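Comments concern the structure below.
Numbering (full-length UniProt numbering), first residue to last: 1 to 378.
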């Protein structure tokens, strides 16, 4: 048994040997060695903050895990309050002088590449985006950018939802139509389609036209988008509306806004949610039980910790990495007391996990050229 996650190395940028000039990574490592393990770390997040119980918190947990073994390291969590892309990048610019490493979780931070160019002695860990090119430059010595195949985790959620629904109606609720969220949506739709084709289910994915998403290319991607990652009130409105349409399982990829969807499920009868990014089972507990059917995972914490360790060890290298199931970077919850899936559903999830890991199944994603009704392995 396994199931968790994947890494497809995209581009690894390495410095030449010999008498080459030191890279930014070398400079940062030298400073870190001089100060022992007193690495000054900042994490700049979306308005939902590092206690959102999901995306931001998992990144923060990677920093905390690093600090367990480096007692002199410090971290400051900085919460950008508007959700605006320009404001997010400005928040990084405002603090870059005060820290050795800045962790930036979210697509809205892609433009930190200009800050990184102006501050070559600083290290940046960018999560869920590749840095915006500066001219023809796409790779930066001092930015490790990690993106994830969210469509894989979304696929597992879709398969589980199709197998477990009682009403035959399921849905995915997202925050903003950033590429990572559209990946979750299309992966979920791919999973439902796969289960209908291969496991005899007949599930329908429900979308509310008034909450359709517009992606970064201004294309309408459908789905159910709250429009914010820190708006649980609207999350509950969307959740209630889907429940009114007969939906009994909702996959929630909406950060803090998703808590409103959880509340909607708690107030209904026979309605469940599937958590996202991290194990959200505890978030589903209420007086009558637990509404979390399972959670699908994007293992950011271990990858953030790995890069902080690389900085300390002097092995940090700027690169743009796509992480997949073969490196334990996507997957779903396995522990029996942390999900409510049937044994048959778990067996089928393990079956499809092996096919995803092997590349036999390639779920649709925002920009991979596949669609939820036409992807490899369907």
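Note that beta-carbon positions come from the ideal geometry of N, C-alpha and C, so glycine has one too. Remember, it's a predicted structure, so these values are computed and weren't measured experimentally.
Taking the C-alpha atoms as reference points, what is the distance between residue i and residue j?
{"i": "residue 294", "j": "residue 207", "result": "21 Å"}
{"i": "residue 328", "j": "residue 299", "result": "7 Å"}
{"i": "residue 103", "j": "residue 167", "result": "42 Å"}
{"i": "residue 254", "j": "residue 155", "result": "17 Å"}
{"i": "residue 165", "j": "residue 325", "result": "26 Å"}
{"i": "residue 234", "j": "residue 209", "result": "15 Å"}
{"i": "residue 236", "j": "residue 286", "result": "16 Å"}
{"i": "residue 89", "j": "residue 80", "result": "9 Å"}
{"i": "residue 241", "j": "residue 260", "result": "12 Å"}
{"i": "residue 257", "j": "residue 334", "result": "25 Å"}
{"i": "residue 282", "j": "residue 273", "result": "12 Å"}
{"i": "residue 349", "j": "residue 296", "result": "11 Å"}
{"i": "residue 231", "j": "residue 243", "result": "19 Å"}
{"i": "residue 267", "j": "residue 180", "result": "29 Å"}
{"i": "residue 123", "j": "residue 142", "result": "5 Å"}
{"i": "residue 360", "j": "residue 353", "result": "10 Å"}
{"i": "residue 191", "j": "residue 98", "result": "45 Å"}
{"i": "residue 252", "j": "residue 342", "result": "20 Å"}
Apart from the five residues on each side of it in sequence, which residues of its chain come closer than 7 Å, Cβ to Cβ, to residue i?
{"i": "residue 201", "result": "162, 163 and 195"}
{"i": "residue 307", "result": "125, 144 and 316"}
{"i": "residue 345", "result": "160, 163 and 164"}
{"i": "residue 177", "result": "213, 214, 215, 221 and 225"}
{"i": "residue 68", "result": "none"}
Taking all protein chains shown into account, decide if residue i is buried (16 or more other Cβ within 10 angstroms of its Cβ) or exposed.
{"i": "residue 9", "result": "Low confidence applies to residue 9: its pLDDT is 33, below 50, so where it sits in the model is not reliable, and the reading given next is rough at best. Its Cβ having fewer than 16 others within 10 Å, residue 9 is exposed."}
{"i": "residue 73", "result": "buried"}
{"i": "residue 456", "result": "Residue 456 lies beyond the stretch modelled for the chain, which goes from 1 to 378, so this question has no answer here."}
{"i": "residue 105", "result": "buried"}
{"i": "residue 71", "result": "exposed"}
{"i": "residue 137", "result": "exposed"}
{"i": "residue 330", "result": "buried"}
{"i": "residue 217", "result": "exposed"}
{"i": "residue 248", "result": "buried"}
{"i": "residue 367", "result": "exposed"}
{"i": "residue 228", "result": "buried"}
Going by DSSP, what residues sit across from residue i in a beta bridge?
{"i": "residue 40", "result": "74"}
{"i": "residue 208", "result": "None, per the DSSP bridge assignment."}
{"i": "residue 332", "result": "296"}
{"i": "residue 290", "result": "285"}
{"i": "residue 220", "result": "214"}
Using a Cβ-Cβ cutoff of less than 6 Å, which residues in the same chain neighbour residue i once the five nearest sequence positions on both sides are dropped?
{"i": "residue 379", "result": "Any question about residue 379 goes unanswered here, given that the chain covers just 1 to 378."}
{"i": "residue 116", "result": "124, 140, 142 and 143"}
{"i": "residue 392", "result": "Since the displayed the chain opens at 1 and closes at 378, residue 392 lies outside it and no answer follows."}
I'd like to confirm something about residue i: is its beta-carbon nearer than 7 Å to some heavy atom of the ligand ADP, or not?
{"i": "residue 249", "result": "Looking at this structure, you won't find the ligand ADP or any other ligand, since it has none at all."}
Whose C-beta lies closer than 8 Å to the C-beta of residue i among residues of the same chain, with five residues either side of it excluded?
{"i": "residue 78", "result": "42, 43, 44, 45, 91 and 95"}
{"i": "residue 101", "result": "28, 39, 40, 41, 42, 122, 123, 124, 125, 308 and 311"}
To test your reading of the DSSP string, which unbroken beta strand (DSSP E) runs of 3 or more residues are found completely within the segment 76-147?
101-105 and 123-127
Mind listing, in chain order, the continuous alpha helix (DSSP H) runs of no fewer than 4 residues lying wholly within the segment 158-186?
none
Please go through the segment 240-274 and give each complete beta strand (DSSP E) segment of 3 or more residues, from N-terminal end onward.
The segment 240-274 is shown to contain whole beta strand (DSSP E) runs of 3 or more residues at 249-253, in chain order.
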